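Student: Heads up: the sequence shown at position 425 corresponds to 561 in this note's numbering, and the numbers run straight through without jumps.
Positions of the beta carbon are idealized from the N, C-alpha and C atoms, including for glycine.
Keep in mind it's a predicted model, so treat the numbers as computed, not measured.
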Amino acid sequence: MVSMLTRRTFLSAATATALVPWLKPTPLLAAATAPHHQLNAMAGDALLVGDPHPRTLVWCFNGKVPGPEIRVRQHDQVKITVSNQLNEETTVHWHGIRVANAMDGVPHLTQKPIAPGETFEYLIDVPDAGTFWYHPHQRSFEQVGRGLYGALIVEEQQPIQVDRDITWVIDDWRLSADASIVDDFGHPMHLSHGGRIGNTVTVNGQIITDFPVRAGERIRLRLINAANARIFGLEFREHQPHVIAIDGQPVTPHTVDGDRIDLAPGMRIDLVLDCTAKPGQRFSVIDSYYSNLAYQFADLVYRDEAPLREKPLESSIELPANALAEPDLENAEPYEITLGGGVHGNMQGASFNGEWADIRTLARQGKMWAINGIVASGHVMEPLLTLQRGRSYRFSLINDSAWPHPMHIHGHSFRVLMRDGKPVKHQPWQDTVLMAPGERVDIAFVADNPGDWMFHCHILEHQMSGMMALLRVI
Ligand code: C2O
Ligand code: CU
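(1) Applying the criterion that 16 or more other CB atoms from any shown protein chain within 10 Å of the CB defines a buried residue, is residue 429 buried or exposed?
(2) The alpha helix (DSSP H) with residue 277 in it runs from where to where?
(3) Looking at C-alpha atoms only, which residue of 578, 608, 423 and 209 is the closest neighbour of residue 293?
(4) Could you check if residue 203 belongs to the surroundings of ligand 1, using beta carbon to heavy atom distance under 7 Å?
(5) Rounded to a whole number of angstroms, what is the C-alpha to C-alpha distance between residue 354 and residue 361?
(6) By Cβ distance below 6 Å, which residues in the same chain neighbour residue 363 in space, the five residues on each side in sequence not counted?
(7) Taking only the alpha-carbon atoms, compute the straight-line gap between residue 328 and residue 550 and give it to the nearest angstrom.
(8) Assuming residue 445 contacts residue 415 under a Cβ cut-off of 8 Å, what Cβ separation, rounded to an integer in Å, is found between them?
(9) Could you check what DSSP says for residue 310 in three-state terms: helix, strand or coil?
(10) Quick one: is residue 535 buried, meaning 16 or more other Cβ sit within 10 Å of its Cβ, or exposed?
(11) Give the DSSP bridge partners of residue 487, in chain order.
(12) Pull up the distance between the alpha-carbon of residue 595 and that of residue 276, whole angstroms please.
(13) Who does residue 544 pair with in a DSSP beta bridge?
(14) Any heavy atom of ligand 2 closer than 7 Å to the Cβ of residue 329?
(15) Does the beta carbon of residue 590 fall short of 7 Å from some heavy atom of ligand 1?
(16) With DSSP run on the structure shown, which of helix, strand or coil describes residue 533?
(17) Give the list of continuous beta strand (DSSP E) stretches no shorter than 3 residues that lie fully inside the segment 296-353.
(18) Please confirm if the segment 239-252 is in contact with the segment 581-594, defined as three or more CB-CB distances below 8 Å between the two stretches.
(19) Quick one: is the Cβ of residue 281 within less than 7 Å of any heavy atom of ligand 1?
(20) Keeping to the same chain, check which residues put their C-beta closer than 6 Å to that of residue 591; ignore five residues upstream and five downstream.
(21) Consult DSSP for residue 403 and reduce its assignment to one of helix, strand or coil.
(22) Is residue 298 near residue 310, with beta carbons less than 8 Å apart?
(23) Quick one: Cα of residue 348 to Cα of residue 434, how far?
(24) Could you tell me if the beta carbon of residue 402 falls within a distance shorter than 7 Å of some heavy atom in ligand 1?
(25) Is residue 252 near residue 274, with beta carbons less than 8 Å apart?
(26) In the DSSP output, which residue or residues are listed as bridge partners for residue 178?
(27) Between residue 609 and residue 525, which are expected to be in contact by the criterion C-beta below 8 Å, what is the C-beta distance as a whole number of angstroms?
(28) Please say whether residue 386 and residue 408 have beta carbons closer to each other than 8 Å?
(29) May I ask which residues mark the beginning and end of the beta strand (DSSP E) holding residue 255?
(30) Which residues in the same chain have their Cβ closer than 7 Å to the Cβ of residue 226, if we skip the five residues on either side of it in sequence?
(31) For residue 432, report the span of its beta strand (DSSP E) as first-last.
(32) Using the C-alpha atoms, what's the distance from residue 233 back to residue 215?
(33) If you draw a straight line from the alpha carbon of residue 344 to that of residue 560, how long is it in whole angstroms?
(34) Is the segment 575-582 touching the segment 454-473 in the sense that three or more CB pairs, one from each, lie closer than 8 Å?
(35) Could you give the residue range of the beta strand (DSSP E) that holds residue 215?
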């Protein structure tokens, strides 16, 4: 009842100020039959580290970290009511879902932020099957960092055959010895370096040690990196899982060169893991992304149980493609987009609020990063580029900095064409692409979703300190 009341109040406010862009009336199509979910953004506690350590005070959805896994069918229209029980404004962004702009959850740009005590109804169409996730876009570096996120799984109409379909929402926390969250969000050191790297890695809200499996089974493992800054590089060693989707979008099933699966903040990777070893065996999964800091991420522990089958399943693991518009590379309009800033970089200064400022002046205002020489402040800004709806674009993204950046575009998926001039195998569709320091990455897409879309680094401290731009599709 409370949410109905708030909804009505909201709608009448909308009619009163019809010119404010975020108050465009929401179409109420099929609302009665649409699958309906409720997310309460709230304070809570979670047993992240486990006994004998105390529980950790977190911010989370519905009292749990991660928030509920929302599972819907492809092409559903989903209604998600978000109620804000925090002491500050929030929004929810449906990362990777090609939503209508008004449902994208970007504060002040696509909607008014949800005030404490208020609710907002998101009505989203889910055009693509795959692994997605949701998180606030308001002060994300702290809200996501304290535990506000969850998985959003869009099931294929015809899923592939697996024995278990498992989601690993992976996070990295900065905890003190008493398991409480270190309250240093937005520390200048995190902004200017690689973001807020923590000291405790959790899978689905808990430190994991053993992951029990059964010999012979086939698992679909959906990896989601919900960390502010930590990049994971998982090695399954004796196992050779196949990558079947990246950022929700199917890719030709393949094993990974060098066997390390890199998963940057914001990214998702779907694996098919055939458990081909014997009952009683144990294998470590190693995270070796930061080369001298490799650690045991988890162990695959084969239960002492007769194998489910003698030979791995032979059925296809290739997912049906989603209906994405193929960019016309011959006629794609090219742009170069340069990312600069941070310590050990070349950037001397940049434009901030319309004026050029040197890097020290920027740093004093908590700004460290720029896209094409422009530092973002907040989400509302002049577009970096105005794109014509239906046209193909090719961006050469140039990482002119000493740090990696996972660059994310809202409302669209893009093909990753080349890295440093060399064609990328399978040219995967992604919505977040990890760029190494100094690397140049070519991507292409059709600007087919009208609206104002954020383009930003998913290291949330980089995003808040200026590494964000706006792409307008008209
Ligand atoms: Cu996952 Cu703009 O965000
Ligand atoms: Cu970055």
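Tutor: A quick look at the data gives this:
(1) Your numbering for residue 429 matches position 293 in the sequence shown. With fewer than 16 other Cβ atoms inside 10 Å of its own Cβ, residue 429 counts as exposed.
(2) Translated into positions along the sequence shown, residue 277 becomes position 141. That run of the alpha helix (DSSP H) goes 276-279.
(3) By 1-based counting over the sequence shown, the position of residue 293 is 157. Considering only alpha carbons, the answer is 209.
(4) Residue mapping note: residue 203 aligns to position 67 of the sequence shown, counting from 1. No, Cβ of residue 203 sits at least 7 Å from all heavy atoms of ligand 1.
(5) Along the sequence shown, one-based indexing puts residue 354 at 218. Along the sequence shown, one-based indexing puts residue 361 at 225. So the two alpha carbons sit approximately 22 Å from each other.
(6) For the purposes of this step, residue 363 is identified with residue 227 of the sequence shown, where counting begins at 1. The answer, listed in chain order, is 307, 308 and 401.
(7) By 1-based counting over the sequence shown, the position of residue 328 is 192. By 1-based counting over the sequence shown, the position of residue 550 is 414. C-alpha separation (whole angstroms): 28 Å.
(8) Here residue 445 refers to the residue found at position 309 of the sequence shown. Here residue 415 refers to the residue found at position 279 of the sequence shown. The pair is not a contact, with the Cβ atoms about 13 Å apart (cut-off 8 Å).
(9) Position 174 of the sequence shown, counting from 1, holds the residue named residue 310. Under the three-state reduction of DSSP output, residue 310 falls in the coil class, being neither helix nor strand.
(10) Stepping through the sequence shown from its first residue, residue 535 is reached at position 399. Residue environment analysis places residue 535 among the buried positions, since at least 16 neighbouring C-beta atoms fall within 10 angstroms of its C-beta.
(11) Working through the sequence shown from its first residue, we reach residue 487 at position 351. BP columns for residue 487 point to 492 and 510.
(12) Within the sequence shown, residue 595 is the residue found at index 459, counting from 1. Within the sequence shown, residue 276 is the residue found at index 140, counting from 1. If you take the alpha carbons of residue 595 and residue 276, they lie about 10 Å apart.
(13) Residue numbering aside, residue 544 sits at position 408 when the sequence shown is read from its first letter. Residue 544 pairs with 568 and 592.
(14) What you label residue 329 is simply residue 193 of the sequence shown in a count that begins at 1. No, the Cβ of residue 329 stays beyond 7 Å of every heavy atom of ligand 2.
(15) Taking the sequence shown and counting its residues from 1, one reaches residue 590 at position 454. The closest heavy atom of ligand 1 lies less than 7 Å from the beta carbon of residue 590.
(16) Your numbering for residue 533 matches position 397 in the sequence shown. Residue 533 carries a strand assignment under DSSP once its states are collapsed to helix, strand and coil.
(17) At a cut-off of 3 residues, the continuous stretches assigned as beta strand (DSSP E) that sit fully inside the segment 296-353 are 300-309, 336-339 and 346-349.
(18) Flag = yes, the segment 239-252 and the segment 581-594 touch.
(19) As a position in the sequence shown, residue 281 is number 145, starting the count at 1. Not under cutoff, so the answer is no.
(20) The residue you call residue 591 lines up with position 455 of the sequence shown. If the five residues before and after residue 591 are omitted, its C-beta is found closer than 6 Å to the C-beta atoms of 545, 605 and 607, all from its own chain and listed in chain order.
(21) Residue numbering aside, residue 403 sits at position 267 when the sequence shown is read from its first letter. Coil at residue 403, not helix or strand.
(22) Your numbering for residue 298 matches position 162 in the sequence shown. Your numbering for residue 310 matches position 174 in the sequence shown. Their beta carbons are not under 8 Å apart, which means residue 298 does not touch residue 310 by this criterion.
(23) Against the sequence shown, residue 348 aligns to sequence position 212. Against the sequence shown, residue 434 aligns to sequence position 298. Each residue's alpha carbon lies about 10 Å from the other.
(24) One-based indexing of the sequence shown puts residue 402 at position 266. Result yes, Cβ under 7 Å from ligand 1.
(25) Along the sequence shown, read from residue 1 onward, the residue named residue 252 stands at position 116. Along the sequence shown, read from residue 1 onward, the residue named residue 274 stands at position 138. For residue 252 and residue 274, no; Cβs fall outside 8 Å.
(26) By 1-based counting over the sequence shown, the position of residue 178 is 42. Paired residue(s): 196.
(27) As a first step, residue 609 must be located in the sequence shown, where it is residue number 473. As a first step, residue 525 must be located in the sequence shown, where it is residue number 389. About 5 Å separates the two Cβ atoms, so the contact holds.
(28) Along the sequence shown, read from residue 1 onward, the residue named residue 408 stands at position 272. Along the sequence shown, read from residue 1 onward, the residue named residue 386 stands at position 250. Not closer than 8 Å, so no.
(29) Here residue 255 refers to the residue found at position 119 of the sequence shown. Residues 255-261.
(30) Residue 226 sits at position 90 when you count from the first residue of the sequence shown. 177, 220, 249, 250, 272, 274 and 279.
(31) Sequence index remark: in the sequence shown, residue 432 carries index 296 (1-based). Counting along the chain, residue 432 sits inside the beta strand (DSSP E) bounded by residues 431-438.
(32) Residue mapping note: residue 215 aligns to position 79 of the sequence shown, counting from 1. Residue mapping note: residue 233 aligns to position 97 of the sequence shown, counting from 1. Distance between the alpha carbons of residue 215 and residue 233: 14 Å.
(33) In the sequence shown, counting from the first residue as 1, residue 344 sits at position 208. In the sequence shown, counting from the first residue as 1, residue 560 sits at position 424. Residue 344 and residue 560: Cα-Cα distance of roughly 33 Å.
(34) Taking 8 Å as the limit for Cβ pairs, the verdict is that the segment 575-582 does touch the segment 454-473.
(35) As a position in the sequence shown, residue 215 is number 79, starting the count at 1. Its beta strand (DSSP E) spans residues 213-220.
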